[in-house]
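**Student:**
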DNA sequence: CGGTATCCAAAAGGATACTG
DNA sequence: CAGTATCCTTTTGGATACCG
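Chains as they are written, first to last, in this note's numbering: chain P, 1 to 132; chain X, 1 to 132.
(1) Could you check whether residue 97 of chain X and residue 137 of chain P sit closer than 9 Å to each other, using their CB atoms as the reference points?
(2) On the criterion of 16 or more Cβ atoms from any shown chain inside 10 Å, does residue 1 of chain P qualify as buried, or is it exposed?
(3) Pick helix, strand or coil for residue 47 of chain P, following the three-state DSSP scheme.
(4) Could you tell me whether the Cβ atoms of residue 26 of chain P and residue 77 of chain P are closer together than 9 Å?
(5) Taking the Cβ atom as the reference point for each residue, do residue 68 of chain P and residue 32 of chain P lie within a distance shorter than 9 Å?
(6) Residue range of the alpha helix (DSSP H) that residue 123 of chain X falls in?
(7) Can you tell me the Cα-Cα spacing of residue 62 of chain X and residue 75 of chain P, whole angstroms?
(8) Could you tell me which of P:57, P:24, P:49 sits nearest to residue 87 of chain P, measuring between CA atoms?
(9) Quick check: what's the CA-CA separation for residue 58 of chain P versus residue 82 of chain X?
(10) Quick one: give me the first and last residue of the alpha helix (DSSP H) that residue 55 of chain P is part of.
(11) I want to verify the contact list: residues of chain X whose CB lies under 8 Å from the CB of residue 83 of chain P, in sequence order.
(12) Residue 30 of chain X lies in the alpha helix (DSSP H); which residues open and close that run?
(13) Output the boundary residues of the beta strand (DSSP E) element that contains residue 71 of chain P.
(14) Run down chain X in chain order and give the residues with a C-beta less than 8 Å from the C-beta of residue 69 of chain P.
(15) Any Cβ of chain P within less than 9 Å of the Cβ of residue 42 of chain X?
(16) Give me the chain P residues within the contact set of residue 63 of chain X, using Cβ-Cβ distance strictly less than 7 Å, ordered along the chain.
(17) May I have the straight-line CA-CA distance separating residue 128 of chain P from residue 36 of chain X, to the nearest angstrom?
(18) So is residue 86 of chain P in contact with chain X if we call contact Cβ pairs under 9 Å?
(19) Alpha carbon to alpha carbon, how far is residue 79 of chain X from residue 47 of chain X? Give it in angstroms, no decimals.
(20) Is it buried or exposed, residue 38 of chain X, if we count other Cβ atoms within 10 angstroms and call 16 or more buried?
(21) Compare the C-beta of residue 57 of chain X with all C-beta atoms of chain P and state if any pair is closer than 9 Å.
(22) What residue from X:17, X:45, X:52, X:130 has the CA that sits closest to residue 85 of chain X's CA?
(23) Can you pull out the residues from the segment 90 to 104 of chain P whose beta carbon lies closer than 9 Å to at least one beta carbon of chain X?
(24) So does residue 119 of chain P have its beta carbon nearer than 8 Å to some heavy atom of the ligand GTP?
(25) Considering only the beta carbon of each residue, do residue 34 of chain P and residue 56 of chain P sit closer than 9 Å?
(26) Determine the direct distance from the alpha carbon of residue 102 of chain X to that of residue 17 of chain P, and round the result to whole angstroms.
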């Protein structure tokens with residue numbers, strides 16, 4: 001199996017992208033990444049996810065969860081009680097995806113100092129050029 | 001090392017996010033993912049990348065490459081010739097990052113049928129509900 | 001509580017023209 | 001060729017109000 005950016009497959013109308021890229025974008029979306037990582041710890045309620053992630057609007061969290069549920073990564077368990085209680089958890093497929101995403105997140109956290117240092121070098125080099 | 005979405009660290013003005021999330025977003029950005037995957041195969045010129053990725057504007061490719069270069073993931077080699085020739089390649093840091101990203105991409109490609117099937121189930125279930 | 005609907009601001013992204 | 005600059009459209013995302 002080759003992983004290549006050129007594995008495209010635009011539809012006839014040219015308005016969307018191949019499923020592969022689309023799913024990849026769901027998994028790597030701003031809030032999708034964080035939801036998957038958070039749910040690795042176990043089942044969480046809507047409000048728990050909201051607090052855990054922080055700075056995510058209800059709208060975006062709802063939207064993200066619906067997309068991930070439709071793709072089969074997240075299971076939604078809505079209890080028919082008042083007040084409502086809805087628990088979200090990873091499916092087996094979602095757990096696999098979350099492992100990959102968490103791997104990337106973990107690596108990033110681990111290497112963050114290297115990135116910060118690289119930026120300083122980059123900015124310094126450009127500042128010197130500008131004053132010449 | 002804990003990987004958690006709650007590892008936030010907003011600045012005092014509340015206008016940006018912690019470096020960790022920011023770098024993660026660079027790596028998981030729409031075009032960033034594809035550039036990293038494409039450069040795993042080796043050094044490529046600007047126009048080669050553009051063709052390989054497809055449907056990316058010059059502006060976005062330029063922007064993406066600059067961000068990845070500043071973060072220390074991509075090396076830019078501009079030959080001082082006419083016409084200009086600029087080659088992009090992964091740094092060692094970038095190679096590590098690209099491995100993680102490629103792992104996710106590979107998994108997605110591998111499981112794409114599961115996702116498509118999950119969507120059909122989801123859409124069917126909702127269609128039935130709507131007609132009740 | 002866990003959403004949905006609507007509106008609006010901000011950011012991403014594309015098209016085009018131009019340059020060294 | 002590999003950009004930069006500008007303009008414009010589309011998408012994203014937040015705030016608010018409301019509902020079961």
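Yeah, the Cβ is synthetic: ideal placement off N, Cα and C, and Gly gets one too.
**Tutor:** Here's the rundown:
(1) Since the first residue of chain P shown is 1 and the last is 132, residue 137 of chain P is not available in this structure.
(2) Reliability of the predicted coordinates at residue 1 of chain P is poor, the pLDDT of 46 falling under 50, and the value obtained from them is presented with this limitation in mind. Burial call: exposed.
(3) Taken through DSSP and simplified to helix, strand or coil, residue 47 of chain P comes out as helix.
(4) Cβ atoms of residue 26 of chain P and residue 77 of chain P: not closer than 9 Å.
(5) In contact: residue 68 of chain P and residue 32 of chain P (Cβ atoms closer than 9 Å).
(6) Residue 123 of chain X -> alpha helix (DSSP H) spans 92 to 130.
(7) Residue 62 of chain X and residue 75 of chain P have their C-alpha atoms some 39 Å from each other.
(8) Per the Cα distances, P:49.
(9) Cα to Cα, residue 58 of chain P sits roughly 53 Å from residue 82 of chain X.
(10) DSSP places residue 55 of chain P outside any alpha helix (DSSP H), giving it a letter other than H or E.
(11) The premise fails here: residue 83 of chain P is roughly 22 Å from chain X at the closest Cβ pair, so nothing lies under 8 Å.
(12) Segment 30 to 39, the alpha helix (DSSP H) holding residue 30 of chain X.
(13) Annotation: residue 71 of chain P is outside any beta strand (DSSP E) and is labelled neither H nor E by DSSP.
(14) Ordered by position in chain X, the residues that pass the 8 Å Cβ test against residue 69 of chain P are 122.
(15) Proximity of residue 42 of chain X to chain P, defined by a Cβ-Cβ separation below 9 Å, is not satisfied.
(16) The premise fails here: residue 63 of chain X is roughly 15 Å from chain P at the closest Cβ pair, so nothing lies under 7 Å.
(17) Residue 128 of chain P and residue 36 of chain X have their C-alpha atoms roughly 28 Å apart.
(18) At a cut-off of 9 Å between beta-carbon atoms, residue 86 of chain P makes no contact with chain X.
(19) The C-alpha of residue 47 of chain X lies about 14 Å from the C-alpha of residue 79 of chain X.
(20) Flag for residue 38 of chain X reads buried.
(21) Proximity of residue 57 of chain X to chain P, defined by a Cβ-Cβ separation below 9 Å, is not satisfied.
(22) Out of X:17, X:45, X:52, X:130, the CA that lies nearest to the CA of residue 85 of chain X is found in X:45.
(23) Result list: 91, 93, 96, 97, 99, 100, 101, 102, 103, 104.
(24) Looking at this structure, you won't find the ligand GTP or any other ligand, since it has none at all.
(25) Here residue 34 of chain P is near residue 56 of chain P, since their CB atoms are less than 9 Å apart.
(26) Straight-line measurement puts the Cα of residue 102 of chain X at about 19 Å from the Cα of residue 17 of chain P.
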